[in-house]
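Protein chains in written order, with this note's numbering: chain V, 1473 to 1593; chain Z, 98 to 485.
Glycine included, each C-beta is placed from N, C-alpha and C at the ideal position.
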């Protein structure tokens, strides 16, 4: 199991050919209290960099982009009732959607944990 | 999410206090101010509704207008100073009692709002007004007022001091423990009080819908006053983020967003700020338009909306039930006290009645929205029983 990161503060946890996507702890801290999450529809086909979801804090809306190309296969419906899960547990219970990864090679172009940690220093 | 480093930003006398408290500093109205502290906007918002929140609003524009050659007759001197400011605004200043604060509007010749402001009659000095204007408009406002004063009055800005706001149900108990006399103030009254031998101008007013106070003190005393208030466990510092969500829930407009130079007092649903005496005399800028609008010749009016789903932010289109664009959101966001999205915006009067079912367009999708009365959260101002 590997986890990769984008410079826009999304993470993707790779489990076989599936990626679990959310925002990093750094991102949730910067955004503050999340009050609404707009989830993608299951079956949506995304290119790398497409807008996949939107998270709203009290103050502003922020787009969440697809770290890699693929098809949305599942969304975290718990976020509709409890968007604060993203603040409480961004990299586990606060995941946003799962994607069937189209090209495994795209994962390698993302940041690893060390490179991401350097970015957010 | 990168934050631009603040360059050429002014700081308030409390800058170091904000940094020490972990405030996330952002540029606002030319100043570096905290948008939130580590506890976050939601917690700060709720704390203010339940306890007492302390805000640094030193970016705003407090000032004084004082008659040059007072006669010594308090009423005549007040009439003389009121006559200097009244031609620019729609409020009855001549009719203020000593210590009374009035919310009013600075208008252009077309009846558009140049600023919303507080004008107060000194409780102690004849022919003296305390005026507080908005940060973003203060240079222009101050120039206008100074020009109107000419050689009849002295205009002095006090925005080199510190302006603090203490808001919430516990505010009066907290402040009275330092300055017992403030309990005598009712909503929209002010006066000078002493703390550690320093004079603090205290007004029972604010921008949250709660009971509370705004406090003007000299810059060198700001940290002492801030620390004394925060020493009370009922008080926490509150940033600009919660200040905005609190005022939005209270249905209070924000200049530069809900109000600008094209919007009239009637369109803004601030008809109460056009004082009766002024209305009957029609002696304020833009009176023909404003009086005609008051009589029903109105093309748009500010309303409150409860929005289903994602918050509709400033700039979102308001649609009628059929999907036709009829207006625009001027402020919107999430209401922490209500747990749902709310907005202020302008629509034609035909769509403005309470219960009117409209829609807002958020990221290209129409979401249901309903016109509701404002404030969204009831005001809890402290109004004294009327003296006979």
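So residue i is in the beta strand (DSSP E); what residue range does that whole segment cover?
| i | result |
| --- | --- |
| residue 140(Z) | Where residue 140(Z) is concerned, there is no enclosing beta strand (DSSP E), although the alpha helix (DSSP H) it sits in stretches over 138-147. |
| residue 159(Z) | 158-164 |
| residue 1416(V) | This structure leaves residue 1416(V) out entirely; chain V is present only between 1473 and 1593. |
| residue 288(Z) | 287-292 |
| residue 411(Z) | Element bounds for residue 411(Z): n/a, residue is neither H nor E. |
| residue 1529(V) | 1523-1529 |
Pick from the options: whose alpha carbon is nearest that of residue i?
| i | options | result |
| --- | --- | --- |
| residue 458(Z) | 297(Z), 242(Z) and 411(Z) | 411(Z) |
| residue 279(Z) | 438(Z), 244(Z) and 309(Z) | 309(Z) |
| residue 1525(V) | 1589(V), 1592(V), 1587(V) and 1558(V) | 1558(V) |
| residue 263(Z) | 408(Z), 304(Z) and 438(Z) | 304(Z) |
| residue 222(Z) | 265(Z), 165(Z) and 270(Z) | 165(Z) |
| residue 257(Z) | 190(Z), 315(Z) and 372(Z) | 315(Z) |
| residue 115(Z) | 105(Z), 135(Z) and 106(Z) | 135(Z) |
| residue 478(Z) | 286(Z), 109(Z) and 455(Z) | 286(Z) |
| residue 188(Z) | 212(Z), 170(Z) and 436(Z) | 212(Z) |
| residue 419(Z) | 276(Z), 454(Z) and 160(Z) | 454(Z) |
| residue 456(Z) | 408(Z), 172(Z) and 432(Z) | 408(Z) |
| residue 401(Z) | 253(Z), 149(Z), 473(Z) and 307(Z) | 473(Z) |
| residue 173(Z) | 149(Z), 159(Z) and 191(Z) | 191(Z) |
| residue 396(Z) | 346(Z), 234(Z), 291(Z) and 361(Z) | 361(Z) |
| residue 185(Z) | 471(Z), 381(Z) and 446(Z) | 381(Z) |
| residue 383(Z) | 109(Z), 358(Z) and 124(Z) | 358(Z) |
| residue 239(Z) | 158(Z), 197(Z), 175(Z) and 170(Z) | 158(Z) |
| residue 1523(V) | 1543(V), 1529(V), 1504(V) and 1505(V) | 1543(V) |
| residue 306(Z) | 277(Z), 330(Z), 291(Z) and 342(Z) | 342(Z) |
| residue 201(Z) | 327(Z), 249(Z), 251(Z) and 373(Z) | 373(Z) |
| residue 424(Z) | 430(Z), 398(Z), 432(Z) and 435(Z) | 398(Z) |
Is residue i near the ligand FAD, in the sense that its beta carbon is under 7 Å from a heavy atom of that ligand?
| i | result |
| --- | --- |
| residue 428(Z) | With respect to the ligand FAD, the structure offers nothing, as it holds no ligand at all. |
Just checking my contact of residue i with residue j at CB under 8 Å: how many whole Å lie between their CB atoms?
| i | j | result |
| --- | --- | --- |
| residue 322(Z) | residue 261(Z) | 7 Å |
| residue 428(Z) | residue 354(Z) | 5 Å |
| residue 138(Z) | residue 1531(V) | 7 Å |
| residue 1537(V) | residue 1480(V) | 6 Å |
| residue 215(Z) | residue 199(Z) | 7 Å |
| residue 417(Z) | residue 451(Z) | In fact, because the Cβ distance is near 16 Å, the residues do not count as touching under 8 Å. |
| residue 1513(V) | residue 1573(V) | With 8 Å as the limit, residue 1513(V) and residue 1573(V) do not qualify as a contact, their Cβ atoms being about 18 Å apart. |
| residue 404(Z) | residue 466(Z) | 5 Å |
| residue 1562(V) | residue 1495(V) | 6 Å |
| residue 460(Z) | residue 283(Z) | In fact, because the Cβ distance is near 46 Å, the residues do not count as touching under 8 Å. |
| residue 140(Z) | residue 265(Z) | In fact, because the Cβ distance is near 13 Å, the residues do not count as touching under 8 Å. |
| residue 255(Z) | residue 161(Z) | 6 Å |
| residue 1454(V) | residue 1483(V) | No information on residue 1454(V) is available, as it lies outside the stretch 1473 to 1593 that chain V covers here. |
| residue 197(Z) | residue 217(Z) | 7 Å |
| residue 195(Z) | residue 219(Z) | 7 Å |
| residue 163(Z) | residue 250(Z) | 6 Å |
| residue 432(Z) | residue 345(Z) | 7 Å |
Ends of the alpha helix (DSSP H) at residue i?
| i | result |
| --- | --- |
| residue 317(Z) | Premise fails: residue 317(Z) is in no alpha helix (DSSP H) and is neither H nor E. |
| residue 437(Z) | Counting along the chain, residue 437(Z) falls outside any alpha helix (DSSP H), though it belongs to the beta strand (DSSP E) covering 437-444. |
| residue 305(Z) | Note, residue 305(Z): premise wrong, no alpha helix (DSSP H); not H, not E. |
| residue 1589(V) | 1585-1591 |
| residue 1492(V) | Run containing residue 1492(V): none in the alpha helix (DSSP H); it sits in the beta strand (DSSP E), 1490-1495. |
| residue 178(Z) | 171-182 |
| residue 338(Z) | 337-346 |
| residue 386(Z) | 384-391 |
| residue 238(Z) | 235-246 |
| residue 116(Z) | 112-117 |
| residue 1580(V) | 1577-1580 |
| residue 374(Z) | 373-378 |
| residue 1542(V) | Where residue 1542(V) is concerned, there is no enclosing alpha helix (DSSP H), although the beta strand (DSSP E) it sits in stretches over 1542-1547. |
Going along chain B in order, which residues have a C-beta closer than 8 Å to the C-beta of residue i?
| i | result |
| --- | --- |
| residue 407(Z) | Structure shown: chain B not included; protein chains present are V and Z. |
Inset, instruction - Would you list, in chain order, the members of the region 325-346 of chain Z that have their beta-carbon closer than 7 Å to a beta-carbon of chain V? - result: 338 and 342
Inset, instruction - Examine the Cβ distances between the region 172-187 of chain Z and the region 219-232 of chain Z and report whether three or more of them are shorter than 8 Å. - result: yes
Inset, instruction - Decide yes or no for the touch test of the region 118-125 of chain Z against the region 327-338 of chain Z: beta carbon pairs closer than 8 Å, at least 3 of them. - result: yes
Inset, instruction - Quick one: which residues of the region 415-433 of chain Z get their C-beta closer than 7 Å to a C-beta of chain V? List them in chain order. - result: 430, 431 and 433
Legend entry - contact_flag[the region 381-391 of chain Z, the region 433-444 of chain Z] where n(CB pairs < 8 Å) is 3 or more: no
Inset, instruction - Take every Cβ of the region 147-162 of chain Z, pair it with every Cβ of the region 121-137 of chain Z, and state whether three or more of those distances are shorter than 8 Å. - result: yes
Inset, instruction - Scan the region 132-143 of chain Z for residues whose Cβ lies nearer than 7 Å to a Cβ of chain V and list them as they occur along the chain. - result: 133, 137, 138 and 139
Inset, instruction - Assess, as a yes-or-no matter, whether the region 1540-1549 of chain V is touched by the region 1508-1516 of chain V under the definition of 3 or more beta carbon pairs within less than 8 Å. - result: yes
Legend entry - Segment contact, 8 Å Cβ cut-off, at least three pairs: the region 1580-1587 of chain V with the region 1551-1563 of chain V: no
Legend entry - Meets three-Cβ-pair contact criterion under 8 Å: the region 200-207 of chain Z and the region 289-299 of chain Z: no
Inset, instruction - Identify each residue in the region 1479-1506 of chain V for which the Cβ-Cβ distance to at least one residue of chain Z is less than 8 Å, and report them in chain order. - result: 1481, 1499, 1502, 1503, 1504 and 1505
Inset, instruction - With 7 Å as the limit, tell me which residues of the region 1510-1521 of chain V have their beta carbon closer than that to any beta carbon of chain Z; keep them in chain order. - result: 1510
Legend entry - Positions along the region 445-470 of chain Z whose CB lies within less than 8 Å of some CB in chain V: 460
Inset, instruction - Could you list the residues in the region 369-380 of chain Z with a C-beta less than 8 Å from some C-beta on chain V, going in chain order? - result: none
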